[in-house]
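Undergrad: Residue numbers (our numbering): 31 to 364. Would you mind keeping the following structure in view while I ask a few things?
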């Protein structure tokens, strides 16, 4: 299918990894936390973010990313104000990121037993913190976001993973991050489940998305990206069968993504916190679906903000920023 870029030297100057938002206040707090400053700016920003909103979830995730390596400082701060819902959810997500940093995104066969032991220990601690965060703010969907990653890492049963998702969407039905993380929960690379289950989730999410909202486009883009990589790299099937599956399961559904895009990216759309995430995901998948002109349009709206998923998914081993920069240099042609 020719879906992966060839290697080439490109500049990634000006690009930002895993900062996919258009939020100057979050930019400032993120920079302060990364610089080792006092945590008050981040805490104040979270407290100013309404519960069960994409704004709060994206800010929480961004601040947790900035705080990787500083979880002990968050714990000390929590001792001073025990039960604080914002500190609890911030600490929980930070611990989750630290845990996955130990495990890495490698296949299980490439992760050592020592890595797994540390990974699971940190996730169990995170699980305890999440329980406290849910108790502190029972109506907030935000703590359920890190719980999805805990459920994946600690290998909750399929039923329990689904219960986590159900509890999250009961509090915020249109949560972008909850749906994006559910894509990973269902992805065959983690579950070894059928790719059809993942595709069904993407279809259902797109169908239920309200007009002008980013949810359907972003989630369907992530779903199709995961499905394409899974099918293309399935060494258990001959190439002819993989090509046939790509045609029937992916290319024949291209119009579904175009319809979701038309539902979102049209006159009357008002900016929302998930727009940047959606632009970078749509750019990736539209490129794979051989719509380079549309992919370039969305790439231009990312403002140089790139997420690890999906841009690190490359058979050539590109990191996310290089993968994005290479695709832009090639004008999104595959």
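Built from N, CA and C at the ideal position, the CB exists for glycine as well.
#1: So for residue 319, helix, strand or coil by DSSP?
#2: Tell me whether residue 184 sits in a helix, a strand or coil according to DSSP, three-state version.
#3: Taking the alpha carbon of residue 285 as the point to measure from, which residue in 52, 298, 250 has its own alpha carbon closest?
#4: Report all residues from its chain with a CB closer than 6 Å to the CB of residue 335; omit the five preceding and five following residues, and keep chain order.
#5: Determine, using beta carbons only, whether residue 228 and residue 217 come nearer to each other than 9 Å.
#6: Verify whether the separation of the beta carbon atoms of residue 177 and residue 84 is less than 9 Å.
#7: Any contact of the region 107 to 120 with the region 138 to 150, i.e. 3+ C-beta pairs under 8 Å?
#8: Closer than 7 Å by C-beta to residue 33: which residues in its own chain qualify, once you throw out the five before and the five after it? Chain order, please.
#9: Under a Cβ-count criterion, where at least 16 other Cβ atoms within 10 Å of its own Cβ denotes burial, should residue 330 be classed as buried or exposed?
#10: Pop quiz: residue 332 and residue 255 are said to be a contact at Cβ under 8 Å. What is the actual Cβ separation, rounded to whole angstroms?
#11: Pop quiz: residue 239 and residue 291 are said to be a contact at Cβ under 8 Å. What is the actual Cβ separation, rounded to whole angstroms?
#12: Taking residue 91 as the reference, give the member of 105, 106, 103, 73 with the closest Cα.
#13: Under three-state DSSP, which class holds residue 46?
#14: For a test of the three-state rule: what should DSSP assign to residue 31, helix, strand or coil?
#15: Between residue 56 and residue 75, which are expected to be in contact by the criterion C-beta below 8 Å, what is the C-beta distance as a whole number of angstroms?
#16: According to DSSP, what are the bridge partners of residue 335?
#17: Do residue 171 and residue 82 have their C-beta atoms within less than 9 Å of each other?
#18: Using a Cβ-Cβ cut-off of 7 Å (strictly less than) and excluding sequence neighbours within five positions of residue 298, which residues of its own chain qualify?
#19: Give me, in chain order, the residues of the same chain whose beta-carbon lies closer than 6 Å to that of residue 183; leave out the 5 immediate sequence neighbours on both sides.
#20: Among 160, 272, 288, 269, which residue has its Cα nearest to the Cα of residue 236?
#21: Counting only beta-carbon separations shorter than 9 Å, does residue 101 have a partner in chain B?
#22: Can you look up residue 298 in the DSSP assignment and give me helix, strand or coil?
#23: If I follow the unbroken alpha helix (DSSP H) through residue 166, where does it start and stop?
#24: Could you give the DSSP three-state label for residue 345: helix, strand or coil?
#25: Have a look at 215, 359, 321, 105 and flag the residue whose alpha-carbon is nearest the alpha-carbon of residue 188.
#26: How far does the alpha helix (DSSP H) with residue 233 in it reach, from first residue to last?
#27: List the endpoints of the continuous alpha helix (DSSP H) containing residue 277.
#28: Which of helix, strand or coil does DSSP assign to residue 362?
TA: Looking at the coordinates:
#1: coil
#2: coil
#3: Out of 52, 298, 250, 250 has the C-alpha closest to the C-alpha of residue 285.
#4: 46, 49, 50, 306
#5: yes
#6: no
#7: no
#8: The predicted position of residue 33 is uncertain, since its pLDDT is 45 and thus under 50; a value taken from the coordinates is nonetheless stated next. The residues are 258, 262, 318, 364.
#9: With fewer than 16 Cβ atoms within 10 Å of its Cβ, residue 330 is classed as exposed.
#10: With a Cβ gap of about 15 Å, residue 332 and residue 255 do not count as contacting.
#11: Wrong, their Cβ atoms sit about 11 Å apart, outside the cutoff.
#12: If we check each option's Cα against that of residue 91, 73 comes out closest.
#13: strand
#14: Confidence at residue 31 is low in this model, with a pLDDT of 43, below 50, so the placement of that residue should be treated as unreliable; the coordinate-derived value is given next. DSSP, reduced to helix, strand and coil, places residue 31 outside both helices and strands of the structure shown, so it counts as coil.
#15: 7 Å
#16: Beta-bridge pairing links residue 335 to 46.
#17: Yes. Within cutoff.
#18: Hits under 7 Å: 242.
#19: Result list for residue 183: 153, in chain order.
#20: 288
#21: Any reference to chain B falls outside this structure, which holds one protein chain only.
#22: coil
#23: Under the DSSP assignment, residue 166 falls in the alpha helix (DSSP H) whose first and last residues are 143 to 166.
#24: With a pLDDT of 45 at residue 345, under the threshold of 50, the modelled position of this residue cannot be trusted; read the value that follows with caution. Coil.
#25: 215
#26: 225 to 238
#27: Premise fails: residue 277 is in no alpha helix (DSSP H) and is neither H nor E.
#28: coil
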